[in-house]
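Residue numbers (this note's numbering), protein chains in the order written: chain D, 14 to 127; chain U, 85 to 194.
The structure appears below as structure tokens.
Next comes the structure, spelled out in structure tokens:
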């Protein structure tokens, strides 16, 4: 079974704080993704990575950065959290031999910025 | 414009009342179409991948089908535990990323 884990289920931070969201997958997948999900707006891609140390901007990268130092780990960084970054953050990975496009999601992190 | 549209936005069924959810797409070079189930406050759970028109896949009370323009998720004799949001996504062209639809919220009442 594919396993994608995220460091926290719930997180509360203050405006201006630096926030790290961690994601780890155990299936040796090449691709990893960060999304945010908001009511009425669906899933929106923030950043993705197709290899270690490689990253590409998604549809809404502003205010975020990412780091992928090891294949299994993909971090999302909010340099200076703002209230409009309150959201559900979802990590996903893909790239097994049979279906390279199928993305498997983690449980999500509900981030509240006060 | 490349996009994925799901309908209806919300669906209320009585237990045992079969129905279908629709996912239509306008992309070039479809590589795969994906169905996910998402429970409130949780991450999407992978259900099916369909690769070509005419393909069908089944899992318990769910059956997914694919044509050249759309996919259907048929739910046969649903139970209350089938209540969830069902998401559809497509992979296309040379892109690594997926495009997701907005989802259909399904509520099954006893």
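Glycine included, each C-beta is placed from N, C-alpha and C at the ideal position.
**OP:** Flag this pair as touching only if the region 18-27 of chain D and the region 139-147 of chain U have three or more C-beta atom pairs under 8 Å; answer yes or no.
**Re:** no
Item checked: Rounded Cβ spacing between residue 157 of chain U and residue 105 of chain U (contact assumed at less than 8 Å) -> By 1-based counting over the second chain, the position of residue 157 of chain U is 73. By 1-based counting over the second chain, the position of residue 105 of chain U is 21. Contact holds; Cβ gap of about 4 Å.
| Can a CB atom of chain U be found closer than 9 Å to the CB of residue 123 of chain D? | Along the first chain, read from residue 1 onward, the residue named residue 123 of chain D stands at position 110. Judged by the 9 Å Cβ criterion, residue 123 of chain D is in contact with chain U.
- Message: At the level of alpha carbons, what is the spacing between residue 99 of chain U and residue 162 of chain U?
- Response: As a working mapping, residue 99 of chain U is identified with position 15 in the second chain. As a working mapping, residue 162 of chain U is identified with position 78 in the second chain. Roughly 5 Å between the two C-alpha positions.
Can you tell me the Cα-Cα spacing of residue 183 of chain U and residue 175 of chain U, whole angstroms? The sequence position of residue 183 of chain U within the second chain is 99, counting from 1. The sequence position of residue 175 of chain U within the second chain is 91, counting from 1. Taking the straight line from one Cα to the other gives about 7 Å.
(message) Can you find the residues in the same chain that come closer than 6 Å, C-beta to C-beta, to residue 96 of chain U, ignoring five residues on each side of it along the sequence?
(response) In the second chain, the residue the question calls residue 96 of chain U occupies position 12. So the list reads 191, once near-sequence residues are dropped.
Exercise. Please classify residue 177 of chain D: does DSSP put it in a helix, a strand, or coil?
Key: Absent from the model: residue 177 of chain D. The displayed extent of chain D is 14 to 127, so no value can be given.
Would DSSP call residue 165 of chain U helix, strand or coil? Residue numbering aside, residue 165 of chain U sits at position 81 when the second chain is read from its first letter. Looking at residue 165 of chain U - three-state DSSP - the assignment turns out to be helix.
Report task. Rounded to whole angstroms, what's the CA-CA distance from residue 88 of chain D to residue 194 of chain U? Just pull it up for me. Result -> Here residue 88 of chain D is taken as the residue at index 75 of the first chain, counted from 1. Here residue 194 of chain U is taken as the residue at index 110 of the second chain, counted from 1. Cα to Cα, the separation comes out at about 42 Å.
Would you say residue 93 of chain U and residue 187 of chain U are within 9 Å of each other, going by their C-beta atoms?
The residue labelled residue 93 of chain U in the question sits at position 9 within the second chain. The residue labelled residue 187 of chain U in the question sits at position 103 within the second chain. Pairing residue 93 of chain U with residue 187 of chain U gives a Cβ-Cβ distance under 9 Å.
Item to complete: Would you kindly work out how many angstroms separate the C-alpha atoms of residue 77 of chain D and residue 91 of chain D, rounded to a whole number?
Response: Here residue 77 of chain D refers to the residue found at position 64 of the first chain. Here residue 91 of chain D refers to the residue found at position 78 of the first chain. Whole-angstrom Cα-Cα distance: 5 Å.
| said: I want to see whether chain U comes within less than 9 Å of residue 63 of chain D, judged by CB atoms only; does it? | reply: Here residue 63 of chain D corresponds to residue number 50 of the first chain, with the count starting at 1. Chain U contact via Cβ: present.
request  = Kindly confirm or deny that the region 97-107 of chain D and the region 37-56 of chain D touch, where touching means at least three C-beta pairs closer than 8 Å.
outcome  = In short, these stretches touch, since the Cβ pair count reaches three.
- Since residue 77 of chain D meets chain U, which of its residues come closer than 7 Å, beta carbon to beta carbon? Position 64 of the first chain holds residue 77 of chain D. The contacting residues do not exist; residue 77 of chain D stays about 16 Å from chain U at best.
- Task: May I ask you to report which of helix, strand or coil DSSP gives residue 22 of chain D?
- Result: Looking up residue 22 of chain D in the first chain gives position 9. Of the three classes helix, strand and coil, the one that applies to residue 22 of chain D here is coil, per DSSP.
- prompt: Quick one, which of D:115, D:41, D:44, D:52 has its alpha-carbon nearest residue 123 of chain D's?
  reply: Looking up residue 123 of chain D in the first chain gives position 110. Residue 123 of chain D has its Cα closest to that of D:52, out of D:115, D:41, D:44, D:52.
*Inter-residue Cα distance where the pair is residue 17 of chain D and residue 119 of chain D*: Taking the first residue of the first chain as 1, we reach residue 17 of chain D at position 4. Taking the first residue of the first chain as 1, we reach residue 119 of chain D at position 106. Looking at the two C-alpha atoms, the distance is approximately 5 Å.
Worksheet item: Alpha carbon to alpha carbon, what distance is there between residue 102 of chain U and residue 57 of chain D?
Response: Residue mapping note: residue 57 of chain D aligns to position 44 of the first chain, counting from 1. Residue mapping note: residue 102 of chain U aligns to position 18 of the second chain, counting from 1. Rounded to whole angstroms, residue 57 of chain D to residue 102 of chain U spans 31 Å at the Cα level.
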